[in-house]
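Residue numbers (this note's numbering): 21 to 192.
Given below as structure tokens:
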């Protein structure tokens, strides 16, 4: 079996995957858990994240595959376009915000998510940014532990948030 991880820009044809993944218990519990993930909700959330050749999208969304099988979703954005001035004071310049999940339940607990996120940072994010930022739910201890394994460190965060940062080593 081909064990390579590849990233491809999100396409409208991927919305069926996002619909399935958002309705899977392991994703729905932490990714907008108050949202009823109908087909219309998926279209509303992700249509503006389709990467166009005109460069109009401000969130750059990808599906990642493992051995040719869709495994999960990730995106990045320039934090200066989305975060408040107070939040930006906490972060270093040239920081990408990242959202990431492993959607395909058949790949859970195999180390794939760690490898995929590390590869996403090294092959895509590092070309444009010096740091990566995530903000898991403060009570999502599993996600916090996961991001620490990938090299993120907790930083001082406003109340009811959990901010984590990773310096990107472009030489590795």
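Every residue gets a Cβ at the ideal spot worked out from N, C-alpha and C, and that includes glycine.
Practice task
Give every residue of the same chain whose Cβ lies closer than 6 angstroms to the Cβ of residue 27, excluding the five residues on either side of it in the sequence, and list them in chain order.
Solution key: 82 and 84
Problem - Top-ranked residue by Cα proximity to residue 163, from 25, 134 and 113 - result: 134
Handout entry: Segments of 4+ residues assigned as alpha helix (DSSP H) that fall wholly inside the segment 27 to 75
Key = 35 to 42, 45 to 48 and 59 to 66
Handout entry: Residues that residue 83 bridges to, as DSSP identifies them
Key = 28 and 93
Handout entry: Length of the line joining the Cα atoms of residue 115 and residue 153
Key = 7 angstroms
Practice task
Please state whether DSSP places residue 163 in a helix, a strand or coil.
Solution key: helix
Handout entry: C-alpha gap between residue 176 and residue 105, whole angstroms
Key = 15 angstroms
Problem - As assigned by DSSP and simplified to three states, the class of residue 135 - result: helix
Exercise for the section: Determine the burial state of residue 102: buried for a count of at least 16 other Cβ atoms within 10 Å of its Cβ, exposed for fewer. Expected result: exposed
Practice task
Tell me residue 187's beta-bridge partners as DSSP assigns them.
Solution key: 151
Exercise for the section: Evaluate contact between the segment 36 to 43 and the segment 116 to 135, counting only Cβ atoms and requiring at least three cross-stretch pairs below 8 angstroms. Expected result: yes
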